[in-house]
Every structure is written in C-alpha cells, then in structure tokens.
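Q: With our numbering applied, the sequence shown has no gaps in its numbers, which climb one by one up to 98 at the end. Below you'll find the structure I mean.
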Amino acid sequence: VEEVFFRGGLDTYLHRGEVGTGWLSAIFVSALWGLWHLPGSALTGGHLLTTIVSLLVSQIIIGVPLSLLWRKSGNLTFPDTTHALLEAVRSVLAAAV
C-alpha cells in the first residue's frame, strides 16, 4: 500500500509537470517516505536529529533509484519487492539487537 501511495500516486502526481528526469520530486517523495518510516521510539530518544538525518539520507539513497525505475517501467513490482525485502532485513536486524 505504501508503494502505491508514495510512488504510484504522489510521485506520479509531483513528477507530471517536471522537466527532465525529475530528481527533485524523487528526492522529495523519498524524504517523505523516510519520515513515514521514522520509528516511534526515536521521538522519545535523545538522538532524534541524528536518527532523522540518517533515515532521510538512507531513504533518499534507496528511494530515488526506485522512483526513477518506477517512472521508466511503469511497474511497481520491483520497488514494492525491494521495499518488502528491506523491511524484512530491518526487522531481522532489530530482533537480533
């Protein structure tokens, strides 16, 4: 559902009027996507700014190529599968700690 909203809907809407590859809209959508994934525990911890910055950087690095791929292919399967895989890895790492 997240990929349908963020890439299928929001990214498509924002990119529609852009000229060129649309890096700015891809960065913006990826940053919003990153903030959506901000863990609730980060809001009460003492490292909020560090958590937000690292989350935004990592989500932009991952999200921009996924947005560009979505635009080129018109298919959400790859971004959705990549998102699910990253969530699974994150969950496993969180459980291991």
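Think of the CB as a built atom: it goes at the ideal place given N, C-alpha and C, for glycine as much as any other residue.
Assuming W71 contacts R17 under a Cβ cut-off of 8 angstroms, what Cβ separation, rounded to an integer in Å, is found between them?
A: At roughly 13 angstroms, the Cβ-Cβ gap does not stay under 8 angstroms, so W71 and R17 are not in contact.
Q: Report yes if the C-beta distance between G64 and A96 is below 9 angstroms; otherwise report no.
A: No, they are not a contact pair.
Q: In the stretch 39–98, which residue ranges form an unbroken alpha helix (DSSP H) of at least 4 residues, counting only runs that do not cross its ends?
A: Segments of the alpha helix (DSSP H) lying fully in the stretch 39–98: 49–74 and 78–97.
Q: Would you identify the three-state DSSP class for G23, choosing helix, strand or coil?
A: In the structure shown, G23 sits in coil (DSSP, three-state: anything other than H, G, I, E or B).
Q: Kindly indicate which three-state DSSP category V30 falls into: helix, strand or coil?
A: In this structure, V30 counts as helix in the three-state DSSP scheme.
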